[in-house]
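Chains as they are written, first to last, in this note's numbering: chain A, 4 to 130; chain B, 146 to 654; chain C, 9 to 470.
Think of the CB as a built atom: it goes at the ideal place given N, C-alpha and C, for glycine as much as any other residue.
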Amino acid sequence: MADASYPDDLLYHPDHDWARIEDDVATFGITWFAQDALGEVVFFDPPEVGSSVTAGEFYAEIESVKAVSDVIAPLSGEIVEVNAALAETPEAINEDPYGAGWMVRVKLSDTGQVDSLMDSDAYQSSL
Amino acid sequence: MSADTQQTPLQLERATTIFEKGSPGRRAFRAPELDVPAVDGLLPEGARRAEPPRLPEASEPEIVRHYVNLSKRNFDLDSGFYPLGSCTMKHNPRLHERVAALPGHARLHPLQDPLRAQGALELMFNLQESLAEIAGLPHVSLQPSAGSHGELAGVLLTRAYHADRGEQRTKVLTPDSAHGTNPATVTMGGYEVVKVALDDAGGVDLDDLRAKTDENVACLMLTNPSTLGIFDPNVEEMAKIVHGVGATLYYDGANLNAIMGYSRPGDMGFDIVHFNLHKTFTQPHGGGGPGAGPIAVSDRIEPYLPRPQVVRRAPANGGPPTFDLDDDRPKSIGKLRGFQGNYGVFVRTYAYIRSLGAEGLKDVSEVSVLNANYLLARLREKVGDRLPLAFGERCMHEFVLSGAVMKKELGIRTVDLAKRLLDHGYHPPTVYFPLVVDEALLIEPTETETRETLDAFADAIAAIVAEAEEDPDIARNAPYTTPVRRLDEAGAAKRPRVRERLARSGDDA
Amino acid sequence: MAGYTAVTPEDLATMLDAIGVGSIAELFAAIPAGVRLDRTIDLPPGEPEQAVYAELRRLAARNVSAEDEITFLGAGMYDHYVPAIVDMLMSRSEYLTPYTPYQPEVSQGGLQVMFEYQTAISELTGLPVSNASVYEGPSAVGAAAYMAKLANKRARVLISRGVHPHTRATLETLAVGYGSEIVEIALDDALTDLEALRDALCDEVGAVVLQQPNFLGAIEDVQAICDAAHEHGALVICAADPLTLGVLEAPGNQGVDVCVGEGQSLGNRLDFGGPSFGFFAATERHLRSMPGRIAGETTDVDGRRGFVLTLQTREQHIRREKATSNICTSQALNALGGVVYLSWLGRQGIVEIGELMLQRTHYARETLAAIDGVSKLHDRPVVREFALRLDVDGDGGLRRVLERCATAGVNAGFALGSEYDEYRDGLLVAITEQRSRADIDRLAEVLAVAVAAERDAAEVTA
Numbered sequence: 004m005a006d007a008s009y010p011d012d013l014l015y016h017p018d019h020d021w022a023r024i025e026d027d028v029a030t031f032g033i034t035w036f037a038q039d040a041l042g043e044v045v046f047f048d049p050p051e052v053g054s055s056v057t058a059g060e061f062y063a064e065i066e067s068v069k070a071v072s073d074v075i076a077p078l079s080g081e082i083v084e085v086n087a088a089l090a091e092t093p094e095a096i097n098e099d100p101y102g103a104g105w106m107v108r109v110k111l112s113d114t115g116q117v118d119s120l121m122d123s124d125a126y127q128s129s130l
Numbered sequence: 146m147s148a149d150t151q152q153t154p155l156q157l158e159r160a161t162t163i164f165e166k167g168s169p170g171r172r173a174f175r176a177p178e179l180d181v182p183a184v185d186g187l188l189p190e191g192a193r194r195a196e197p198p199r200l201p202e203a204s205e206p207e208i209v210r211h212y213v214n215l216s217k218r219n220f221d222l223d224s225g226f227y228p229l230g231s232c233t234m235k236h237n238p239r240l241h242e243r244v245a246a247l248p249g250h251a252r253l254h255p256l257q258d259p260l261r262a263q264g265a266l267e268l269m270f271n272l273q274e275s276l277a278e279i280a281g282l283p284h285v286s287l288q289p290s291a292g293s294h295g296e297l298a299g300v301l302l303t304r305a306y307h308a309d310r311g312e313q314r315t316k317v318l319t320p321d322s323a324h325g326t327n328p329a330t331v332t333m334g335g336y337e338v339v340k341v342a343l344d345d346a347g348g349v350d351l352d353d354l355r356a357k358t359d360e361n362v363a364c365l366m367l368t369n370p371s372t373l374g375i376f377d378p379n380v381e382e383m384a385k386i387v388h389g390v391g392a393t394l395y396y397d398g399a400n401l402n403a404i405m406g407y408s409r410p411g412d413m414g415f416d417i418v419h420f421n422l423h424k425t426f427t428q429p430h431g432g433g434g435p436g437a438g439p440i441a442v443s444d445r446i447e448p449y450l451p452r453p454q455v456v457r458r459a460p461a462n463g464g465p466p467t468f469d470l471d472d473d474r475p476k477s478i479g480k481l482r483g484f485q486g487n488y489g490v491f492v493r494t495y496a497y498i499r500s501l502g503a504e505g506l507k508d509v510s511e512v513s514v515l516n517a518n519y520l521l522a523r524l525r526e527k528v529g530d531r532l533p534l535a536f537g538e539r540c541m542h543e544f545v546l547s548g549a550v551m552k553k554e555l556g557i558r559t560v561d562l563a564k565r566l567l568d569h570g571y572h573p574p575t576v577y578f579p580l581v582v583d584e585a586l587l588i589e590p591t592e593t594e595t596r597e598t599l600d601a602f603a604d605a606i607a608a609i610v611a612e613a614e615e616d617p618d619i620a621r622n623a624p625y626t627t628p629v630r631r632l633d634e635a636g637a638a639k640r641p642r643v644r645e646r647l648a649r650s651g652d653d654a
Numbered sequence: 009m010a011g012y013t014a015v016t017p018e019d020l021a022t023m024l025d026a027i028g029v030g031s032i033a034e035l036f037a038a039i040p041a042g043v044r045l046d047r048t049i050d051l052p053p054g055e056p057e058q059a060v061y062a063e064l065r066r067l068a069a070r071n072v073s074a075e076d077e078i079t080f081l082g083a084g085m086y087d088h089y090v091p092a093i094v095d096m097l098m099s100r101s102e103y104l105t106p107y108t109p110y111q112p113e114v115s116q117g118g119l120q121v122m123f124e125y126q127t128a129i130s131e132l133t134g135l136p137v138s139n140a141s142v143y144e145g146p147s148a149v150g151a152a153a154y155m156a157k158l159a160n161k162r163a164r165v166l167i168s169r170g171v172h173p174h175t176r177a178t179l180e181t182l183a184v185g186y187g188s189e190i191v192e193i194a195l196d197d198a199l200t201d202l203e204a205l206r207d208a209l210c211d212e213v214g215a216v217v218l219q220q221p222n223f224l225g226a227i228e229d230v231q232a233i234c235d236a237a238h239e240h241g242a243l244v245i246c247a248a249d250p251l252t253l254g255v256l257e258a259p260g261n262q263g264v265d266v267c268v269g270e271g272q273s274l275g276n277r278l279d280f281g282g283p284s285f286g287f288f289a290a291t292e293r294h295l296r297s298m299p300g301r302i303a304g305e306t307t308d309v310d311g312r313r314g315f316v317l318t319l320q321t322r323e324q325h326i327r328r329e330k331a332t333s334n335i336c337t338s339q340a341l342n343a344l345g346g347v348v349y350l351s352w353l354g355r356q357g358i359v360e361i362g363e364l365m366l367q368r369t370h371y372a373r374e375t376l377a378a379i380d381g382v383s384k385l386h387d388r389p390v391v392r393e394f395a396l397r398l399d400v401d402g403d404g405g406l407r408r409v410l411e412r413c414a415t416a417g418v419n420a421g422f423a424l425g426s427e428y429d430e431y432r433d434g435l436l437v438a439i440t441e442q443r444s445r446a447d448i449d450r451l452a453e454v455l456a457v458a459v460a461a462e463r464d465a466a467e468v469t470a
């Protein structure tokens, strides 16, 4: 497992989710803190492409050896892509939570919501 | 011991299932002869099974050898110390097996005419009375089949009680240290779980409780002593707060072993209590069941008890009382299961209570508390700096140590200590529960262990800690001498294989 | 010292000294006076082993068990022969006394037994995924309906009137908790009324529950029920009698989504209703949401084959509202009895025992229905249990007939009127491999006399 890291180019939600914003499309995943708390991830069931997500509400479940947890959406929008590779290698969420462990890509419905997220420093101090 | 210890015989033996044994045509069962005329066409079109199920084909000696050898890959309570906190692994008296096997008990059909099952009903009634006295609550149902089943009963009884008053409450409170089954049960009962914080002493934080207790709260679920092994002195105040809003107070009986003869949940103010007959009352754990989780309730909850209830009737002519199953309970929540409960467990529990009697049960609690405090004292002497007590100074029948200091200073975690204990011939204590303690190690010796056993266990823990000072890798890669070593649990969850692959008829295996 | 404790005066002195207190009483100081019990528990004093044994024998002698009479009483639990190897294995320390396998390295015995049991149940039911057992039959249906509700979010369950009355009652009770509405589907000549079922099916129905064979012993058309249910997107839950599955088609092969049932017939004693076990099997899609314990295969660090409890996360959900059940116990010891029994019975044996019951049940039904005053309540195909009508005066008459039979040493069966108002004159008769032709003939003899006597007495008072 990687050492604790919280990349500066990402934005963070208090429920331990990150977002990478590229114009009006955002990529979501869970932070190093979340994967560490969960333990080894064994199963991730992504939502369907085309379904919508709402900021602050859960959109999928992630299962580790210890527990099942909800994954919270940092922003609202419509799912345009899901990381299908996680079906075979869910452990990517632990090993590379910000890279290969990405979960969904979302076309944002309200880019203004981005302002409500925290930067890396703010998120780390909240831990 | 080290990583290159030679393999033990059990380690060398590959695990083979019963399905990999036997051979087509072998058999153990001999069917009685067909003594009636054989008739064709008794089953409708499409109802008959085309292919017999692929059960094993083995002789009796093969089956016996398989399961006897398989049993040797198990550690068990008869064989060694098993200080699993919260589970109360006390000795299982063999008298109980003998009486439970008496045909008059074992071969009795649950729907037998009650007039022809008076022994069973008398036993159940007497057991009810005994449990009521131990709990300090007058009305008992023996129906729930396990602790969590009893908890569900408690939640459903609470719901029925409030509904009967025209109220629709939505929340159930449980403390942060609660067992995992409590929130799951609450959800199945249709309520929302609200967690109550603990104070620095490990008891319920009264201010937080007051803040969260309102008219929407249906019930507070507690155990006392708590899962930290500490008796919460504020229980009377908690009862006042909760009863003040008309909510019920539920007692999880998992830790009853600590207080028999000293205190009773009914006297503490609880409305509903469940017992774990497989913890406090010696029903053997059986590798994970069966158990039983009867409940005792106060007068105001009594109308809602499951049906049937075992009752005693005094006959009109003044003869001896008879016992019966009373189904006529209009406000009952109904049934939680078929028939009337795990009678085989009641037989064993009843034998236990008759064997021990009032002084014996009090002795159980005294020695369980004595043994726990003694073991704590020994561990403090030897490893108290590395494995401190998580809360308080003393304990009741169990105590929680934290492995956080050990992890930081020696680089081995509670799980590593536990795995190394296996090499010493012990079952480890409960690990990583309760969740409120970091690297928790929950130890419950029970009253049936001798002082020598406790001394030896404390020595083993000390030896493992000392070993870790020299070389932490040994514990990290333990165990070495068990039939299998550490297993890939993540792999089992990612790609679950939950049954043996069987060959189709005519295929190669 | 009392019971099973062993603290000598020397031990006590050493221990109190190590703890740093002067007496045991000090260890209970945390209990406030207000909740302290200031008297002894009001129970009789303890007794030595032989006295307790005598007492339990006295109580046993007040019961009339299957040892004492020829019994045709079934209705959910059956007097099958339990082979001696089951008793022997269930009483071994290594199986009887350990806890749930939380340390798999020293629990491979118990875990492998679970794995083998799961395999056997999968085979019997024709469904790929089985758990390691639940408490018993009726609550297994309750758990299955809850799982179905979580799966398709629909809150209505249709249940056939042919399902065991205890199962229907348990489902009603549990459904109050998780908020499902239970609707009963009537019987049409002892089988689930397919038309009534089709009428009741709609988008709000999440599950259909049936029993095979049903409570009246009749063989249901499982395929037709599954087809109808699936057309509307409802799951089918079938409560099956496991010992009929040697001759009856596997429910999984007929479209059933979840097959559960009472396991008592498989190597477990009657025990006045428990403990036994419930089996629970389902299609692959439900693997991650099944209640109860599941054993899974894996390897250890050296590559050895081994087994662990797996998929246990559902009880410990972080947002715990999603927990699919609160079941902590399996019925591990009883399930051991089950898999040993199924191994003992074997692939051929389970077919043979089914055939034997099939033929003897047919013989019994024909023989009894030929008695004057006795007729078939229904003539549907049956496997091991069937229902008769007695031409006597309602509940009272039937009760007296049963009483006469019992006095003659035969338990004639279950009086249907206690659970079905429409069958006040009904008698449910069960056959196991232990009921020989001679036993059946004895029942016929005794029943004929009892019915005749009852009818004569009724005439006299008329």
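Spatial neighbours of residue i in its chain, beta-carbon cut-off 7 Å, leaving aside the 5 residues before and after
i	result
B/Gly167	Pro201, Glu202, Ala203 and Glu207
C/Pro283	Gln339 and Asn342
A/Ile24	Leu14 and Val117
Chain C within 9 Å of residue i, Cβ atoms only
i	result
B/Pro255	yes
A/Phe46	yes
A/Asp60	Reading the sequence as shown, one finds Glu at residue 60 of chain A and not Asp. No - not a single Cβ of chain C is within 9 Å of the one on A/Glu60.
A/Glu43	no
A/Glu66	yes
B/Arg409	yes
B/Val490	yes
B/Ser168	no
Those residues which DSSP pairs with residue i across a bridge
i	result
B/Leu586	B/Leu546 and B/Val576
B/Tyr395	B/Met366 and B/Ile417
A/Trp21	A/Tyr15 and A/Gly32
Spatial neighbours of residue i in its chain, beta-carbon cut-off 8 Å, leaving aside the 5 residues before and after
i	result
A/Tyr15	Tyr9, Trp21, Ala22, Thr34, Pro77, Leu120, Met121, Asp122, Ser123, Ala125 and Tyr126
C/Pro112	Leu119, Gly314, Phe315, Val316 and Leu317
C/Gly402	Gly425, Arg432 and Asp433
Min CB distance residue i to chain A below 9 Å
i	result
C/Leu296	Leu is not the amino acid found at residue 296 of chain C; the sequence shown has Arg there. Yes, its Cβ sits closer than 9 Å to a Cβ of chain A.
B/Lys639	yes
Residue i at chain B interface by Cβ criterion, 9 Å
i	result
C/Leu435	no
C/Tyr431	no
A/Ile51	It is Glu, not Ile, that sits at residue 51 of chain A in the sequence shown. So, not an interface residue.
Cβ-based neighbour list, residue i, same chain, cut-off 6 Å, excluding 5 preceding and 5 following
i	result
A/Met4	For A/Met4, the predicted model reports a pLDDT of 48, less than 50, meaning its position is unreliable and no value from the coordinates is stated.
**Prompt:** Is there contact between the stretch 34 to 42 of chain C and the stretch 211 to 226 of chain B, where contact requires at least three CB pairs shorter than 8 Å?
**Reply:** No: fewer than three Cβ pairs fall under 8 Å.
**Prompt:** Would the stretch 484 to 500 of chain B and the stretch 264 to 274 of chain B be scored as touching if the rule is three or more Cβ pairs under 8 Å?
**Reply:** As far as the Cβ criterion goes, the stretch 484 to 500 of chain B touches the stretch 264 to 274 of chain B, which means the pair count is three or higher.
**Message:** Taking contact to mean 3 or more Cβ pairs, one atom from each stretch, closer than 8 Å, check whether the stretch 385 to 394 of chain B and the stretch 54 to 74 of chain C are in contact.
**Reply:** no
**Message:** Whether or not the stretch 620 to 627 of chain B and the stretch 548 to 564 of chain B are in contact is what I'm after, with contact meaning three or more pairs of Cβ atoms, one per stretch, closer than 8 Å; do they touch?
**Reply:** In short, these stretches touch, since the Cβ pair count reaches three.
**Prompt:** Curious, which full-length beta strand (DSSP E) runs of at least 3 residues does the stretch 242 to 312 of chain B contain?
**Reply:** 284 to 286
**Prompt:** Using 8 Å as the Cβ pair cut-off and three pairs as the minimum, do the stretch 527 to 546 of chain B and the stretch 186 to 198 of chain B touch?
**Reply:** no
**Request:** Only counting runs of 3 or more residues, tell me where the beta strand (DSSP E) segments fall wholly within the stretch 476 to 525 of chain B, in order along the chain.
**Result:** Runs of the beta strand (DSSP E) lying entirely within the stretch 476 to 525 of chain B and spanning at least 3 residues: none are present.
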